[in-house]
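Enquirer: Questions regarding the structure given below will be posed in turn.
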Amino acid sequence: MFKWFKGKNKDSNKEEIGQDLNINKKQDKNPGFFEKLVSGLSKTRDNMSNKIDNILSMYKKVDEELFEDLEEVLVTADVGVNTTMELIDRLRERVKSEKVNDPNDVKELLKDEIKLLMNESIADNSLNIEPSPAVVLVVGVNGVGKTTTIGKLANSFKNSGKKVLIAAGDTFRAAAIEQLEEWSNRAGVDIIAHSEGADPAAVIYDGIHAAKARKTDILICDTAGRLHNKSNLMNELNKIFRVLEREYENATREILLVLDATTGQNAINQAKIFKEAANITGVALTKLDGTAKGGVVIALQAELGLPVKLIGVGEGMDDLQPFKTDEFVDAIFN
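Numbering-wise (the working numbering), the sequence shown opens with residue 61 and increments by one.
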């Protein structure tokens, strides 16, 4: 079981980083975070790391043509043009300053520069859910895995000892409420829902008051996944934000954007729109195990300044994992 936040270890009274892995009796039977990450990123590794190896093996010296080939690999891995250019510029300077002549030494430098760039952009990737009560507002377009992410989050929070409540604020998509009710049953947490077509802000309002009455630690709010245009999105979200400010102003707040990693640069475009429409505090990237476009993670943090907080590396209930920059880069270049 992973902890998703910063908190105190009851057994040791030591402050610990919430993304650390808790040791438990099942650990020996289940793959650890890094092993699961390495397995889940196999397609991205093939599309990035293995191609880089092939390029470096063809060169006997480090020259401009080598940098151009590396640039092409990063762009095709959905790292993004701007982020790629910055990385190559930094790599070029690093090679020059350290007087690197052997192409075989370039990969480790590139790996290091990716870590540095991502860590410079984002210092903390942990979920902001302390102190209680907390509200996690989940946004994103239809089809990205928003409902699944909410279900897995609720399950993880509950397993961490938190009292969790879900508010089914996506009242427009057919069967959205029923699907979320099924996930709440699987996670064993309560849900607040209205009928299809109801006002999402009204659902959130009822969810807040139910959370207060039940002394809930974390309220997870679903939102409609419509993206007709930015104006509609902003109006819809702003109405919900006003309810949160008025009715739950003292709650710790996390606004989590769910993106589908398989969409690559389209996920970046969605992130730009949502970032303008709402004060996004973090990203949950789903379906990372099913795509060769995992480089999009680098662009989200380095180019957009959005912390990737959760990644989906499988279909299991426990396959939504806390994101750790260094481990992610190590898994790609493993």
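Glycine included, every Cβ here is placed at the ideal spot set by N, Cα and C.
In the DSSP output, what is D250 paired with across the bridge?
Expert: Looking at the DSSP assignment, D250 forms a beta bridge with L225.
Enquirer: Go through the region 108 to 175 residue by residue and report every complete run of the beta strand (DSSP E) that reaches 3 residues or more, in order.
Expert: The region 108 to 175 contains no whole beta strand (DSSP E) run of 3 or more residues.
Enquirer: Only counting the same chain, and skipping five residues up and downstream in sequence, which positions put a Cβ closer than 6 Å to that of K86?
Expert: Confidence at K86 is low in this model, with a pLDDT of 34, below 50, so the placement of that residue is unreliable and no value is reported for it.
Enquirer: Could you name the residues of the same chain whose beta carbon sits closer than 7 Å to that of E363, not counting the 5 residues immediately before and after it, in chain order?
Expert: Counting only Cβ-Cβ distances below 7 Å, and skipping sequence neighbours, we find G140, N142 and T143.
Enquirer: Taking the straight line between their C-alpha atoms, what separation do you get for V133 and F127?
Expert: The straight-line gap from Cα to Cα measures roughly 10 Å.
Enquirer: Note down the Cα distance separating L187 from F217, rounded to an integer number of angstroms.
Expert: So the two alpha carbons sit approximately 11 Å from each other.
Enquirer: Any idea if P367 is buried or exposed, counting beta-carbon neighbours within 10 angstroms, 16 or more meaning buried?
Expert: P367 is buried by the Cβ-count criterion.
Enquirer: Please report the straight-line C-alpha distance between N82 and Y119, rounded to a whole angstrom.
Expert: Any reading at N82 must be qualified, since the residue scores a pLDDT of 33, below 50, and its modelled position is unreliable; the value itself is stated next. Spanning the two alpha carbons is a distance of roughly 44 Å.
Enquirer: For P382, does the count of other Cβ atoms within 10 angstroms reach 16, so buried, or fall short, so exposed?
Expert: Per the 10 Å Cβ criterion, buried.
Enquirer: Starting from K387, follow the alpha helix (DSSP H) in both directions and report where the run begins and ends.
Expert: For the sequence presented, residue 387 should be read as Glu rather than Lys. Its alpha helix (DSSP H) spans residues T385 to I392.
Enquirer: G211 lies in the alpha helix (DSSP H); which residues open and close that run?
Expert: G211 -> alpha helix (DSSP H) spans K206 to N219.
Enquirer: Under the rule that 16 or more other beta-carbon atoms within 10 Å means buried, what is E314, buried or exposed?
Expert: Per the 10 Å Cβ criterion, buried.
Enquirer: Using 10 angstroms around the beta-carbon of D259, count the other beta-carbons present and answer buried if the total reaches 16, otherwise exposed.
Expert: By the 10 Å Cβ count, D259 comes out exposed.
Enquirer: Can you tell me where the alpha helix (DSSP H) holding E309 begins and where it ends?
Expert: It is not in any alpha helix (DSSP H) - E309 carries neither H nor E in the DSSP assignment.
Enquirer: Starting from V357 and walking both ways along the alpha helix (DSSP H), at which residues does that stretch end?
Expert: Its alpha helix (DSSP H) spans residues V356 to A362.
Enquirer: In chain order, which continuous runs of the alpha helix (DSSP H) of length 4 or greater are located wholly inside the region 314 to 352?
Expert: Whole alpha helix (DSSP H) segments, 4+ residues: 325 to 337.
Enquirer: In the structure shown, what three-state DSSP assignment does V196 receive?
Expert: The answer is strand: DSSP assigns V196 an E or B state.
Enquirer: Which of the three DSSP states, helix, strand or coil, is assigned to D282?
Expert: The answer is strand: DSSP assigns D282 an E or B state.
Enquirer: Answer with yes or no whether the minimum CB distance from V201 to chain D is below 7 Å.
Expert: Looking at the structure shown, chain D is missing, and only one protein chain is on hand.
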